[in-house]
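The next block holds one structure in the form of C-alpha cells; read it before the comments.
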Amino acid sequence: MGFDLASPDFWNREALEAELRRVFDICHGCRRCFNLCPSFNVLFELIDAKGEEVANLTRADFTRIVELCYQCKLCFNHCPYTPPHRWDIDFPRLMLRAKAVEARERGITRQDRWLGRTDALGRLGSRWAPLVNLANRWRPVRVLLEKVIGIHRDRNLPEYHRETFLGWFRAYERRRVGARSGNGKVALFYTCYVNYHDPAVGRATVRVLERNGLEVAVPAQRCCGMPFLDGGDIESALANARENVRTLIEFVRNGYDVVIPGPTCSYMLKHEYPVLLKGEDVRRVAERSFDLCEYLMKLHSEGRLDTRFDRAAPQRIAYHLPCHLRAQNIGYKSRDLMHLIPGTRVQVIERCAGIDGTWGLKREYYPLSLKVADKLFREIEGEPFDLVVSDCPLAGLQIAQGTRRRPLHPIQVLARAYGLEDEGGERP
Numbered sequence: 006m007g008f009d010l011a012s013p014d015f016w017n018r019e020a021l022e023a024e025l026r027r028v029f030d031i032c033h034g035c036r037r038c039f040n041l042c043p044s045f046n047v048l049f050e051l052i053d054a055k056g057e058e059v060a061n062l063t064r065a066d067f068t069r070i071v072e073l074c075y076q077c078k079l080c081f082n083h084c085p086y087t088p089p090h091r092w093d094i095d096f097p098r099l100m101l102r103a104k105a106v107e108a109r110e111r112g113i114t115r116q117d118r119w120l121g122r123t124d125a126l127g128r129l130g131s132r133w134a135p136l137v138n139l140a141n142r143w144r145p146v147r148v149l150l151e152k153v154i155g156i157h158r159d160r161n162l163p164e165y166h167r168e169t170f171l172g173w174f175r176a177y178e179r180r181r182v183g184a185r186s187g188n189g190k191v192a193l194f195y196t197c198y199v200n201y202h203d204p205a206v207g208r209a210t211v212r213v214l215e216r217n218g219l220e221v222a223v224p225a226q227r228c229c230g231m232p233f234l235d236g237g238d239i240e241s242a243l244a245n246a247r248e249n250v251r252t253l254i255e256f257v258r259n260g261y262d263v264v265i266p267g268p269t270c271s272y273m274l275k276h277e278y279p280v281l282l283k284g285e286d287v288r289r290v291a292e293r294s295f296d297l298c299e300y301l302m303k304l305h306s307e308g309r310l311d312t313r314f315d316r317a318a319p320q321r322i323a324y325h326l327p328c329h330l331r332a333q334n335i336g337y338k339s340r341d342l343m344h345l346i347p348g349t350r351v352q353v354i355e356r357c358a359g360i361d362g363t364w365g366l367k368r369e370y371y372p373l374s375l376k377v378a379d380k381l382f383r384e385i386e387g388e389p390f391d392l393v394v395s396d397c398p399l400a401g402l403q404i405a406q407g408t409r410r411r412p413l414h415p416i417q418v419l420a421r422a423y424g425l426e427d428e429g430g431e432r433p
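Quick look at the structure:
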C-alpha cells in the first residue's frame, strides 16, 4: 500500500502485520541485503530458526526487527523490487510505519520524546552552553541521563554553542557590505545541528556561496522532522514539514534554490516531504532543493563555480560518503568538489557509520552502533590521511568517537582552499 497516511489500513495493526509478512517473505527469497544492517541479519536468522517460514514469526519478532532499523536507506537502493515494480517494496518506510503504529497504540516513549525535540533542546542547550557542555562531560550527569532519557553514558555528545549559526548570521547580515551577487539566489536550510552544534559549517557555507556570487537568505525554519519519524511521532514530523514547506515555497516562488548542508535533512526535503505531504507546493520545494555539494557541482557543470583556490595545499583526504547521500543517487558530488582543489587526493570510504540519527545514541543500541562502524574506523585509521571529511555531522560524531579524529565538512575544506577561513574556522 506504500506510505499512505490517508489510508485507513495504514494504522490498522492486522493490515500492518500482513504487509510485514508479505515483505519479509520476499526479502527471505532474495537476501540481497543480508550484510547491510542488523535488521536483515536478525530477520534471516529468525526465519531460518523457525523452519524457514515467515508465517512462524511472532509479533515480538516483528518488534525486534523494526527496532533494529536505523533508517540508513541503503536497502532501498539495493532492492530490485522497489516501486514501480509490482511488488512495491519499500523496507525503510515500512519500518517507519511500524514505529508509527506502535507509537499510536502504546504512546511515544519518553526517550523518543526527548530525542525528537532537537529545536527545544538546542535552544536550551545553547542558552546555557558552557554549563551544559560541562555537565555532559561529568560522569554522574551521564549516568543520570542514561537512566532518565536512555542516552548511553559513553556516547560522546555534540557541544552546544552560545552563539548559534542563526545568531551569527543575523549579526553578519547587519554588517555585510558589497557582497558580490548576480549568480543566483539561495535559501539556506541550515539544519538544527549546524545551528546549535556546528555553526562553523554554516559560516563556511555562507562564505563559499557568497564567494561564488550567490545571494544568501536564511528563511525561518524548523527541524526537518526526521528525529520525530525515528520515534514514530508522525504528527510532529508532519507539523514541521508543513511549516517548512509553507516558508520555503515563498522563496522558491521568488527564484531561490533551497540548499541544505546536511544529508539527512536534504533527503527529507527531497524525498520524504513529497510522501508525507501532498500538493504542488511540496513538489516544487522538493524539486528546487539540493544538498550543498550537489548544488556547488551543479554550478561547476554550468561554468558558474569559482575554481581559483588561493590557498590550495597538497593534502590526502579520507572522505566518508554518508548513507543518506548514497540514498539520494546523486553520485560523488563532495568528492568531485574537493578534487577541484589542486593537489588534493580524496579516498572515498563507503561504510555506514551506524549512528543514523537518534538510534546510535540510545543505551540499548550504542554498542551495536560501534560494531556497525568498526570497518569505517579501521579504514580511516589504516592510512596516514591529512584530513577526515564527512557531510554528515552525526557520522562525524561517530568517527570522532571511534578514531579520536574530528571530521570536517567538505564546505570547510573548500573555504580553506579559497582562503576564506583558517584552520580554526576564522577569517585569516
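So for the sequence shown, my numbering puts the first residue at 6; every next one is plus one.
Glycine residues also receive a C-beta, built at the ideal position from the N, C-alpha and C atoms.
- In the three-state reduction of the DSSP assignment, F174 falls in the helix class.
- DSSP places H414 outside any alpha helix (DSSP H), giving it a letter other than H or E.
- In the three-state reduction of the DSSP assignment, V206 falls in the helix class, which pools H, G and I.
- Distance from the CA atom of Y272 to the CA atom of Y86, rounded to whole angstroms, is 21 Å.
- S395 has H325 as its beta-bridge partners, per DSSP.
- Partner residues in the beta bridge of K367, as assigned by DSSP, are I156.
- Exposure of L139 is indicated by the presence of fewer than 16 other C-beta atoms within 10 angstroms of its C-beta.
- With a 10 Å radius around the Cβ and a threshold of 16 neighbouring Cβ atoms, D9 comes out exposed.
- Residue state for T349 is assigned as strand, using DSSP reduced to three classes.
- Secondary structure of D262 (DSSP, three-state): strand.
- By the Cβ rule, the segment 291-299 counts as touching the segment 332-341, because three or more pairs are nearer than 8 Å.
- The segment 60-68 makes no contact with the segment 198-216; the number of CB pairs closer than 8 Å stays below 3.
- The beta-bridge partner set that DSSP reports for V191 consists of V221 and D262.
- The residue from G260, L282, P13 and N334 with its alpha-carbon nearest to that of P268 is N334.
- Inclusion of F170 and R208 in the CB contact set at 9 Å is warranted, their separation being smaller than that value.
- For D296, the enclosing beta strand (DSSP E) stretches over residues S294 to D296.
- Residue pairing from DSSP places I354 in a beta bridge opposite H325.
- Look at Q406 here: in three-state DSSP terms it is helix.
- Secondary structure note for P268: its alpha helix (DSSP H) is the uninterrupted segment P268 to Y272.
- Under DSSP, the beta-bridge partners assigned to Q320 are T349.
- The three-state reading of DSSP puts Q226 in coil, since its state is none of H, G, I, E or B.
- Cβ contact annotation for L373 (same chain, cutoff 7 Å, sequence separation greater than five): P43, in chain order.
- Q226 and P279 have their alpha carbons spaced roughly 17 Å apart.
- A direct Cα-Cα distance of roughly 7 Å separates G127 from Y165.
- When M231, P347, P319 and F96 are compared, the shortest CA-CA separation from D124 is found for M231.
- Around the CB of S12, fewer than 16 other CB atoms lie within 10 Å, so the residue is classed as exposed.
- Shortest Cα-Cα distance from R18 to any of P327, L99 and N245 involves L99.
- W173 has its alpha-carbon roughly 45 Å from the corresponding atom of P89.
- The criterion of a C-beta distance shorter than 9 Å is not satisfied by R288 and R258.
- Residue range T123 to R132 is occupied by the alpha helix (DSSP H) that includes G130.
- Between the segment 196-210 and the segment 247-263 there are fewer than three inter-stretch CB-CB distances shorter than 8 Å, so the stretches are not counted as touching.
- R109 and R69 have their C-alpha atoms some 18 Å from each other.
- Taking C-beta separations shorter than 8 Å and ignoring five residues to either side along the sequence, the partners of L282 in its chain run L243, A246, R247 and V250, following chain order.
- One thing to note: I354 has its Cβ no nearer than 9 Å to the Cβ of E386.
- The distance from the Cβ of G308 to that of D262 is about 17 Å, inconsistent with a contact at the 8 Å cut-off.
- For P279, the enclosing alpha helix (DSSP H) stretches over residues Y278 to L281.
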